[in-house]
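Trainee: According to this note's numbering, the sequence shown holds residues 0 to 523 in order.
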Amino acid sequence: MWAALEAANKEKSTGVIAYVLAEDDVQVLKKANKSLDELLHGFWIENHIAGTIVLADILSTVQDQARHSERVPGAAYDSQEVAAKIMPCFEGTRSTLLANVGRWMSGAVDGHNPPLYILDGIAGIGKSTVAITVAQRAADPEINCLGATFFFSRDQEDRKRSLGFVHTIAYQLACYHASYGKAIAAAITSNPAALDKVLTQQFNLLVAKPLQPAEEDKAKLAQLSGKLFIYASTAVKFILDQQHLDPKGQLESLLELQPDSSSPLSQLDGLYFYVLHSAKPVKNAENWLRPFQIIVGAILVLQTPLSVMSLARLLDQQEGTIKATLGNLHSILAPSGEGSALTYKVHHKSFPDFITGPSCPSEFQIIEEEHHLDLAKCCLQVMSRQLKFNICQVPVPSVDQFKDLDDLLKEGLSTEHITQELQYALCYWASHLSKAKGMDSDLMALLDQFSKEHLMHWLEGLAWIKQLDVAHSALEEALATLASHIGKHLCIYIGLAYLWHQSRQSSGKYIRRQIMEFTSTKEI
0 MWAALEAANK
10 EKSTGVIAYV
20 LAEDDVQVLK
30 KANKSLDELL
40 HGFWIENHIA
50 GTIVLADILS
60 TVQDQARHSE
70 RVPGAAYDSQ
80 EVAAKIMPCF
90 EGTRSTLLAN
100 VGRWMSGAVD
110 GHNPPLYILD
120 GIAGIGKSTV
130 AITVAQRAAD
140 PEINCLGATF
150 FFSRDQEDRK
160 RSLGFVHTIA
170 YQLACYHASY
180 GKAIAAAITS
190 NPAALDKVLT
200 QQFNLLVAKP
210 LQPAEEDKAK
220 LAQLSGKLFI
230 YASTAVKFIL
240 DQQHLDPKGQ
250 LESLLELQPD
260 SSSPLSQLDG
270 LYFYVLHSAK
280 PVKNAENWLR
290 PFQIIVGAIL
300 VLQTPLSVMS
310 LARLLDQQEG
320 TIKATLGNLH
330 SILAPSGEGS
340 ALTYKVHHKS
350 FPDFITGPSC
360 PSEFQIIEEE
370 HHLDLAKCCL
380 QVMSRQLKFN
390 ICQVPVPSVD
400 QFKDLDDLLK
410 EGLSTEHITQ
420 ELQYALCYWA
430 SHLSKAKGMD
440 SDLMALLDQF
450 SKEHLMHWLE
460 GLAWIKQLDV
470 AHSALEEALA
480 TLASHIGKHL
490 CIYIGLAYLW
500 HQSRQSSGKY
510 IRRQIMEFTS
520 TKEI
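Encoded structure:
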């Protein structure tokens, strides 16, 4: 190209250099211009490729730094460095403190349960021991709520500074769940300099921001909710449910829902179905659906809530089975209380309307009459197992010195022998019986045993829990239900009818006297 240009140069006699464009030189210059364009284009492509390679190398370096250079592997609770220095609490020690931390971990973040739990104290008091115990328990597969840990140490150079703190937390969270890993990778790609910013900006860019939903996602969720606050409330509970541990994935799944119609109620039904479908395991679904029907059906038709412990004994189920079955349903069946007082309650009346209605798929649908029948049997079985004469174990002298049962009850004698599930059975067996669908042989056999062996024990139990007035209405409900079965089960009907007649005549006074006489006679 340069040779062609030189060929076109002409030197005038004045010594001034000029380009003399002779007729023959036009084609030469056109060819030179074309060659120049091709070279410039090739130069641009070469530099673009080189630039892309350089940027890719930079990104790879940044990501490699995030994975290796900047993070501090020895800061995790289960690293060799930490395990060699810190031992967990011995079994049975620090129980109250650990229970408090456990309640904080499982509670919702609100005015009563702040997002930070600060464990302070003088050096050597055991803060690190408690912290590693909490981390181990949170990482247990049955709980699985540990996102990340960083144990600082004055003895280790990389753990006594905050330089790698955010990188380590972000890396552990990325390993903990894939959706967070994708979010943090996108954050680094869009802002590689985030790794070198000050600590607060690092935390916002690499930890906090990837977990936050986009504004358009919020708007779409609000659109799906329409005018139904319960939709928004249930959706938020579902997204933030600690059992799922993937709020971003939960949100994305909800936003993909396509309701069958524009009706707000149809959209709500679709949300309920999605929550139920998400809770059902992919493998061995039948092993989950059977206890689901028993447990959820019972919760829906219970006349008053029962703790998980008492519900398990009433239904003859394991507590662990109830918790596992309801574990992914907290957005519609809200847990309240803890320990032996843990109770599940329906979050909103629209859920029973859906799950007992025709729009609910048959695998989840609850037929209330069938579950009333099951609970009537469960109540009779509990009374058959637990009821007995003088259930509160009152000594004979105590009975003799009181003129009636009311005086005896005023003494505050312990009723600890009457369990919560027995109290429920005493009060509500007849109510479930009256709402049951049909009568089978198992139910009639239980009623026969009850009328022959436990009628007076039932009245005694009601008296101890100060619910004796329930007797009249309970017997009335039972008699109305059994009226069409007199021929086959005459003895049951006659026994209940006699007791009902006496309770109706004297409004409980006769029964109180009968119980006192019954108790004294039996003891003697």
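Glycine included, each C-beta is placed from N, C-alpha and C at the ideal position.
How would you write the range of the beta strand (DSSP E) that P334 sits in, first residue to last?
Mentor: Indexing the sequence shown from 1 puts residue 334 at position 335. Taken as a continuous stretch (DSSP letters only), the beta strand (DSSP E) holding P334 covers 332-335.
Trainee: Pull up the CB-CB distance for I168 and A184, whole angstroms please, since I reckon it's below 8 Å.
Mentor: Here the question's residue 168 lines up with position 169 in the sequence shown. Here the question's residue 184 lines up with position 185 in the sequence shown. At roughly 15 Å, the Cβ-Cβ gap does not stay under 8 Å, so I168 and A184 are not in contact.
Trainee: First and last residue of the alpha helix (DSSP H) that includes V381?
Mentor: What you label residue 381 is simply residue 382 of the sequence shown in a count that begins at 1. From DSSP, the alpha helix (DSSP H) with V381 extends over 367-385.
Trainee: Along the chain, where does the beta strand (DSSP E) that runs through K344 open and close?
Mentor: Position 345 of the sequence shown, counted from the first residue, corresponds to residue 344. Here the beta strand (DSSP E) through K344 covers 342-345.
Trainee: Tell me whether the beta-carbon of L325 lies closer than 8 Å to the beta-carbon of E420.
Mentor: Residue numbering aside, residue 325 sits at position 326 when the sequence shown is read from its first letter. Residue numbering aside, residue 420 sits at position 421 when the sequence shown is read from its first letter. Their beta carbons are not under 8 Å apart, which means L325 does not touch E420 by this criterion.
Trainee: Using three-state DSSP, classify N112 as helix, strand or coil.
Mentor: As a first step, residue 112 must be located in the sequence shown, where it is residue number 113. Reduced to three states, the DSSP call for N112 is strand.
Trainee: Rounded to the nearest angstrom, what separates A173 and T128 at their Cα positions?
Mentor: The sequence position of residue 173 within the sequence shown is 174, counting from 1. The sequence position of residue 128 within the sequence shown is 129, counting from 1. Straight-line Cα distance between these residues: approximately 26 Å.
Trainee: Is it buried or exposed, M86, if we count other Cβ atoms within 10 angstroms and call 16 or more buried?
Mentor: For the purposes of this step, residue 86 is taken as residue 87 along the sequence shown, with counting starting at 1. Flag for M86 reads exposed.
Trainee: Looking at V274 and the ligand NAD, is the gap between the Cβ and the nearest heavy atom below 7 Å?
Mentor: As presented, the structure is devoid of all ligands, the ligand NAD included, so that no description of it is given.
Trainee: My guess is that D304 and T342 are in contact by the Cβ rule of under 8 Å, so how many angstroms apart are they, rounded?
Mentor: Within the sequence shown, residue 304 is the residue found at index 305, counting from 1. Within the sequence shown, residue 342 is the residue found at index 343, counting from 1. Residue identity differs from the one stated: residue 304 is Pro in this sequence, not Asp. So it is a contact: roughly 5 Å between Cβ atoms.
Trainee: Below 8 Å, how does it come out for the region 151-166 and the region 114-126: are there three or more Cβ pairs, yes or no?
Mentor: The region 151-166, when compared against the region 114-126, does not touch it at the 8 Å Cβ threshold.
Trainee: Please report the residue range of the alpha helix (DSSP H) in which E476 lies.
Mentor: Within the sequence shown, the letter at position 477 stands for residue 476. It spans 469-481 - the alpha helix (DSSP H) in which E476 sits, taken as one unbroken run.
Trainee: For G437 and S349, what's the separation of their Cα atoms in angstroms?
Mentor: Reading the sequence shown from its first residue, position 438 is the one you call residue 437. Reading the sequence shown from its first residue, position 350 is the one you call residue 349. Taking the straight line from one Cα to the other gives about 27 Å.
Trainee: CB-CB under 8 Å to V307, same chain, minus the five flanking residues each way: which ones, in chain order?
Mentor: In the sequence shown, counting from the first residue as 1, residue 307 sits at position 308. Here the set comprises E318, I321, K322, L341, T342, Y343.
Trainee: Looking at the structure shown, is S361 part of a helix, part of a strand, or coil, going by DSSP?
Mentor: Locating residue 361 in the sequence shown gives position 362, counting from the first residue. S361 falls in the coil class under three-state DSSP.
Trainee: Classify D139 as buried or exposed, calling it buried when 16 or more other Cβ atoms lie within 10 Å of its own Cβ.
Mentor: The residue you call residue 139 lines up with position 140 of the sequence shown. Exposed.
Trainee: Count the CB pairs spanning the region 280-294 and the region 351-358 that are closer than 8 Å, and state whether there are at least three.
Mentor: No: fewer than three Cβ pairs fall under 8 Å.
Trainee: Per DSSP, S558 is paired with what?
Mentor: The chain is shown from 0 up to 523; residue 558 falls before or after that span and cannot be answered.
Trainee: Taking the CB atoms as reference points, tell me whether H371 and H453 lie closer together than 8 Å.
Mentor: The residue given as residue 371 occupies position 372 in the sequence shown. The residue given as residue 453 occupies position 454 in the sequence shown. Contact flag unset, no.
Trainee: Would C391 and W428 be called neighbours here (beta carbons separated by less than 8 Å)?
Mentor: As a first step, residue 391 is located in the sequence shown; it is residue number 392 there, counting from the start. As a first step, residue 428 is located in the sequence shown; it is residue number 429 there, counting from the start. Not in contact: C391 and W428 (Cβ atoms no closer than 8 Å).
Trainee: Kindly indicate which residue of F388, L467, S472, S383 has the alpha-carbon position closest to the one of D447.
Mentor: Along the sequence shown, read from residue 1 onward, the residue named residue 447 stands at position 448. For D447, the nearest C-alpha among the options comes from S383.
Trainee: Are A375 and L442 closer than 8 Å when you measure CB to CB?
Mentor: Walking along the sequence shown from the start, residue 375 turns up at place 376. Walking along the sequence shown from the start, residue 442 turns up at place 443. It is a contact, given that the beta carbons lie within the stated cut-off.
Trainee: For V206, which of helix, strand or coil comes out of DSSP?
Mentor: Walking along the sequence shown from the start, residue 206 turns up at place 207. Residue state, collapsed to three classes: helix.
Trainee: Pick from E362, A130, T95, S105: whose alpha carbon is nearest that of A82?
Mentor: In the sequence shown, residue 82 corresponds to position 83, counting from 1. Per the Cα distances, A130.
Trainee: Straight-line CA distance for S105 to N143?
Mentor: For the purposes of this step, residue 105 is taken as residue 106 along the sequence shown, with counting starting at 1. For the purposes of this step, residue 143 is taken as residue 144 along the sequence shown, with counting starting at 1. Distance between the alpha carbons of S105 and N143: 12 Å.
Trainee: Measure the Cβ-Cβ separation of E80 and Q155 and say whether it is below 8 Å.
Mentor: Here residue 80 corresponds to residue number 81 of the sequence shown, with the count starting at 1. Here residue 155 corresponds to residue number 156 of the sequence shown, with the count starting at 1. Against a cut-off of 8 Å, the Cβ pair of Q155 and E80 comes out as a contact.
Trainee: With burial defined as no fewer than 16 other Cβ atoms inside 10 Å of the residue's Cβ, what is the status of A470: buried or exposed?
Mentor: In the sequence shown, counting from the first residue as 1, residue 470 sits at position 471. Buried, since its Cβ has 16 or more Cβ neighbours within 10 Å.
Trainee: By DSSP, does N327 sit in helix, in strand, or in coil?
Mentor: Residue mapping note: residue 327 aligns to position 328 of the sequence shown, counting from 1. Looking at N327 - three-state DSSP - the assignment turns out to be coil, as it is neither helix nor strand.
Trainee: In chain order, what residues of the same chain lie with their CB nearer than 6 Å to the CB of A74, ignoring the 5 residues before and after it?
Mentor: Position 75 of the sequence shown, counted from the start, is the residue given in the question as residue 74. Excluding residues within five positions, the ones whose Cβ falls inside 6 Å are F149, F150, R158, T167.
Trainee: Would you report the Cα separation of P94 and A186, rounded to the nearest angstrom?
Mentor: The sequence position of residue 94 within the sequence shown is 95, counting from 1. The sequence position of residue 186 within the sequence shown is 187, counting from 1. Sequence inspection shows Ser at residue 94; the Pro mentioned does not correspond to that position. Going by the C-alpha atoms only, they are around 41 Å apart.
Trainee: What does the Cβ neighbour count give for F388, buried or exposed, with the cut at 16 atoms within 10 Å?
Mentor: Mapped onto the sequence shown, residue 388 falls at position 389. F388 should be labelled exposed.
Trainee: So D352 is in the alpha helix (DSSP H); what residue range does that whole segment cover?
Mentor: Taking the first residue of the sequence shown as position 1, residue 352 is located at position 353. Counting along the chain, the alpha helix (DSSP H) containing D352 begins and ends at 349-354.
Trainee: Which residues mark the beginning and the end of the alpha helix (DSSP H) in which C527 is found?
Mentor: With the chain running from 0 to 523 in the structure shown, residue 527 is simply not present.
Trainee: In the DSSP assignment, find the unbroken alpha helix (DSSP H) run with C174 in it and report its ends.
Mentor: Looking up residue 174 in the sequence shown gives position 175. That run of the alpha helix (DSSP H) goes 164-175.
Trainee: Please say whether Y170 and R70 have beta carbons closer to each other than 8 Å?
Mentor: Locating residue 70 in the sequence shown gives position 71, where the first residue counts as 1. Locating residue 170 in the sequence shown gives position 171, where the first residue counts as 1. Yes.
Trainee: How about I354 and I365: are their beta carbons less than 8 Å apart?
Mentor: Start at 1 with the first residue of the sequence shown, and residue 354 comes out as number 355. Start at 1 with the first residue of the sequence shown, and residue 365 comes out as number 366. Contact flag set, yes.
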